[in-house]
Amino acid sequence: MSEALKIIQDPTLTYRQQLVSLARLGESTDQSLRYSDAYYEAKRRGALCDLNEGVMPYRPRYICPDYDLLFQKGCEFLQLSPPQDLLEALNALEIFYCHVPSITTYPVYLGDLDRLLEPFVLREDRAFAKKALRLFLRSIDRILTDSFVHADIGPEETVTGRLLLELTEEMQLAVPNLTLRYDPDVTPEDFALACIGCMLKTAKPSFANHRMFVREWGEKYAIASCYNELMIGGGGYTLPRMRLYECSLDAKNPEDFIENELPKYIDLQLEYMDKRVRFIVGESNFFKTNFLVTEGFVRRENFIGMFGVVGLAECCNHLLGIADVKKGFGMDPEATALGVRIMKAIESRVAAHTAPYCEAFGHHYRLHAQVGIETDGMDDSPGTRIPIGAEPAMLEQLQVNEQFHPFFPTGTGDIFRFEETWVKTPAAILPIIKGSFSRGLRYFSGYLDNNDVVRVTGYLVKKSEIEKLRRKQQSLNQVTLFGMGAQDGGHALDRRIQRHDECPGE
Amino acid sequence: MMNAPVNKIIDFSNVDGPGNRTSIFFQGCSFDCMFCHNPETIHLCRNCGACVDGCPARALSRDAAGAVCWDPDKCVECDQCIRACPWDASPRIRLMTVEEVMRRLRRTMPYIDGITASGGECTLQNDFLIALFTLVRQEGKSCLLDSNGSFDFEADPRILRVCDGVMLDVKAVSPAWSQLLISAPPDLVLRNLDYLLSVDRLQEVRTVIFPHQDRENEETVRYVASRIGSACDYRIIRYRPFGVREKYQRILGEETTPAALAEQYAELARSLGAAKAYVV
């Protein structure tokens, strides 16, 4: 059966999901963007992966429009004038979102919603504003049917932020993903606690280390898709990834890996990125004619390439001959130290490379701890995470994370799964986040074990929707399929549960 | 060098006082409560050796002097030794110095609001706690005591100068019930309740509610609630037979206190002015 016919006959695909699948298939029929034979060989072996980005990129992977500009001057192409009240603002956003391209076809960044909408919300009475925001969130969930759609709030507390939290908890939706930009000096304690309460009931928001990002990006950064940090008014061209376990298979020992194998694969991935970036900028029409560019909602200079890695844990364990993951990376200091050495080697080689069209970042790509895809199985854990099933107690897990998160300005994060008692004690989680942020943790996610909305690897799904797919029914959210794959192949929903009486090392 | 017998340290605890805390459980207790669900914390090891041979991981041995030694690296925490102990003790105890405890705490300090000393009965280690709390407070963290009220705080208030609050168990008020339940009279516990209230060091009070003990439950709750008012939390705890020694389960029953029954007592406490009474 042809690939096209399979898509057309698949009972679990919605019309929209078929359309996206068929478009991908169509894109793959053109092979004019060619890479070196060595690259194809590395890809065939699974050492490098293009995340199914498509062979002919016709838009950057992630786009983070400057929504402030939309509110200031409107949009000529979409015939939108600057909004005068809350309804006009929400309507303008809903229209605009539908015209923001991305790798998923849905917008991966919805804006800093609390800050954007606050002036309009303050002019309405609370009940009306809440109703309008409820309908707005419902539109997002039903129209932008993809969990990589992501909105940001904070670090300040706002009325809008409070309303969004209340609605998030009440509505129990997987879309949009939500992040609090958290700064203990700016974010009021009770607002942060309300965010934790909401996180334990709906698996969002996640917490982003605002101070760390401001240091690296300035104030105008967006958190998009899973946990991709990019510049507002810019975005990310491409995100390929090294699958470090497969990269390590030919190495004789850690030294051989770091001296010989690693640089080879780094250079191949850089070559791949350079060619794609040049193609997106030079050949595709996006930066020449798309209204986002011509009207200034994004500027080409604010885009960057994201250099992804996965499977550091399995790579280190393999190089040190550690068969039992419970005694490897994350638990064994030698394996974790090797991980740091490898990351330093990757960081410095990528930093030494002059990247095309990355003007805002000193002409360099930045590293990204890719969150894994459903076909990774147990071979490569997301980014630098400790493999599921081998997680130490929370304190140790955080302290391992703190060593690796600083390497990844374009995103990394870890997820903690809590049992029921924590719902009553959000105040016990906040000092953990504060403490780890002060020591280099970049991004913290949590969810409650028995909730329907759960965080899989970086994105949210509803467990009930996965069950629908298993019954060969369709799920409106196109990410549910990834969630099912990650659950089956990567045991992504089986991460260690944080109990209230954990007693590590005793 | 001063040391104390430590049963275990929990790095992150959300149930031993406000926020996130590191809890230190000291071995040895001044009471012998019928409903104790970790009776292995009551006594210190007598080095009888009854546990040694049964250890499936060979983590237990005896040294030349006959003392039972425990190897935490080999231990698989199967609790076989605790079941084998005829003395309500445990061989898995470490004698730790204040500096050793501090070393462990330095790892958790960035992530916690403070520490809680618990047990067993931690006030048996009064001098140790004074030294430990003094150091912990220098790091800007709070220190709480979890106590059964057997220590006379008024006679020796030194610990209260370095302690942010006491979480006090008031298990029984009537003398006969107290003698039966905790093998001690209630007087000192009740004096401590009043004294800690008067010096503003009462963090919370806890009372366990038993099925089929309505008269005793009510007397205890009425007494506590009318005294503490809204000054501190009042945790109403349900009796659970899990972990309780068999001979006492025969007396107290194998039934867990129904949530609704516990809620009735929380309601009673609130009606008497204990605004912050709730069931856990």
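Chains as they are written, first to last, in the numbering used here: chain A, 2 to 507; chain B, 5 to 284. C-beta: ideal position from N, C-alpha, C; glycine also. Quantities reported herein were computed from a predicted structural model and do not represent experimental measurements.
I need the boundaries of the beta strand (DSSP E) containing residue i, first residue and last residue.
{"i": "L194(A)", "result": "L194(A) -> not in any beta strand (DSSP E); alpha helix (DSSP H) instead, spanning E190 to T203."}
{"i": "A180(B)", "result": "First-last for A180(B): P179 to I186, but that is the alpha helix (DSSP H), not the beta strand (DSSP E)."}
{"i": "F445(A)", "result": "Y444 to L449"}
{"i": "R98(B)", "result": "R98 to T101"}
{"i": "S65(B)", "result": "L64 to R66"}
{"i": "F439(A)", "result": "Correcting the residue identity first, residue 439(A) is Ser in this sequence and not Phe. Here S439(A) belongs to no beta strand (DSSP E); instead the alpha helix (DSSP H) covers P427 to S439."}
{"i": "Y40(A)", "result": "Looking at the DSSP string, Y40(A) is not in any beta strand (DSSP E); the run it does join, the alpha helix (DSSP H), is D38 to R45."}
{"i": "D173(B)", "result": "G169 to D173"}
{"i": "R301(A)", "result": "Here R301(A) belongs to no beta strand (DSSP E), and DSSP marks it neither H nor E."}
Do residue i and residue j have their C-beta atoms within less than 9 Å of each other?
{"i": "V282(A)", "j": "R300(A)", "result": "no"}
{"i": "I416(A)", "j": "R456(A)", "result": "yes"}
{"i": "L375(A)", "j": "G459(A)", "result": "According to the sequence shown, residue 375(A) is Glu rather than Leu. For E375(A) and G459(A), no; Cβs fall outside 9 Å."}
{"i": "S178(B)", "j": "T224(B)", "result": "yes"}
{"i": "V248(B)", "j": "C40(B)", "result": "yes"}
{"i": "P102(A)", "j": "N291(A)", "result": "yes"}
{"i": "P206(A)", "j": "L164(A)", "result": "no"}
{"i": "T138(B)", "j": "S27(B)", "result": "no"}
{"i": "T106(A)", "j": "V21(A)", "result": "yes"}
{"i": "V174(B)", "j": "T211(B)", "result": "yes"}
{"i": "E116(B)", "j": "V166(B)", "result": "Correcting the residue type first, residue 116(B) is Ile in the shown sequence and not Glu. Contact: no."}
{"i": "L87(A)", "j": "A133(A)", "result": "yes"}
{"i": "N7(B)", "j": "V102(B)", "result": "yes"}
{"i": "E247(A)", "j": "A48(A)", "result": "yes"}
{"i": "L399(A)", "j": "G436(A)", "result": "yes"}
{"i": "A209(A)", "j": "Y444(A)", "result": "yes"}
{"i": "M106(B)", "j": "L148(B)", "result": "no"}
Go through its chain and collect everything with a Cβ distance to residue i's Cβ below 6 Å, but skip five positions before and after it.
{"i": "F137(A)", "result": "L91"}
{"i": "E217(A)", "result": "P410"}
{"i": "V278(A)", "result": "Y238, G306, P357 and Y358"}
{"i": "R496(A)", "result": "I389 and R418"}
{"i": "I259(A)", "result": "A346"}
{"i": "L449(A)", "result": "L201 and F419"}
By the DSSP assignment, the alpha helix (DSSP H) with residue i in it spans what residues?
{"i": "L148(B)", "result": "Premise fails: L148(B) lies in the beta strand (DSSP E), S146 to S151, not in any alpha helix (DSSP H)."}
{"i": "K289(A)", "result": "F287 to T290"}
{"i": "G486(A)", "result": "T481 to G491"}
{"i": "M395(A)", "result": "M395 to F405"}
{"i": "R116(A)", "result": "L114 to L123"}
{"i": "Q270(A)", "result": "L263 to G283"}
{"i": "F157(B)", "result": "No alpha helix (DSSP H) holds F157(B); DSSP gives it neither H nor E."}
{"i": "I86(B)", "result": "Q84 to A88"}
{"i": "P334(A)", "result": "P334 to A352"}
{"i": "C248(A)", "result": "L245 to C248"}
Leaving out the 5 sequence neighbours to the left and right, which residues in its chain are closer than 7 Å to residue i when beta-carbon positions are compared?
{"i": "S3(A)", "result": "none"}
{"i": "A39(A)", "result": "L269"}
{"i": "R350(A)", "result": "P264 and I267"}
{"i": "C504(A)", "result": "Confidence at C504(A) is low in this model, with a pLDDT of 41, below 50, so the placement of that residue is unreliable and no value is reported for it."}
{"i": "A336(A)", "result": "C317, N318, L321, I323, G329 and F330"}
{"i": "A71(B)", "result": "N51"}
{"i": "G484(A)", "result": "V457, V462 and I467"}
{"i": "K327(A)", "result": "A391"}
{"i": "P189(B)", "result": "P179, S182 and Q183"}
{"i": "R35(A)", "result": "none"}
{"i": "I96(A)", "result": "L79 and L81"}
Short of 8 Å in beta carbon distance, which residues of its chain neighbour residue i, apart from the five on each side in sequence? Order them along the chain.
{"i": "A61(B)", "result": "K78, C79, V80 and C82"}
{"i": "L206(B)", "result": "G169, V170, L172, L197, L200, I232, A235 and C236"}
{"i": "G506(A)", "result": "Its pLDDT being 33, under 50, G506(A) is placed unreliably in this model, and the coordinates cannot settle the point."}
{"i": "K44(A)", "result": "C50 and D51"}
{"i": "Y366(A)", "result": "L271, M274, I305, G306, M307, F308, V351, H354, A356 and C359"}
{"i": "S94(B)", "result": "N11, Q31, E44, T45, C49, C85 and I86"}
{"i": "A263(B)", "result": "R242 and V283"}
Whole-angstrom Cβ separation of residue i and residue j, contact assumed at under 8 Å?
{"i": "A63(B)", "j": "W74(B)", "result": "6 Å"}
{"i": "V462(A)", "j": "V480(A)", "result": "6 Å"}
- Pair every Cβ in the region 264–274 of chain A with every Cβ in the region 71–82 of chain A, then say whether three or more of these pairs are closer than 8 Å. no
- Quick check: the region 142–149 of chain A against the region 168–177 of chain A, are there 3 or more CB pairs under 8 Å? yes
- Query: Is it true that the region 223–236 of chain A meets the region 107–122 of chain A, where meeting means three or more beta-carbon pairs spaced less than 8 Å apart?
  - Reply: yes
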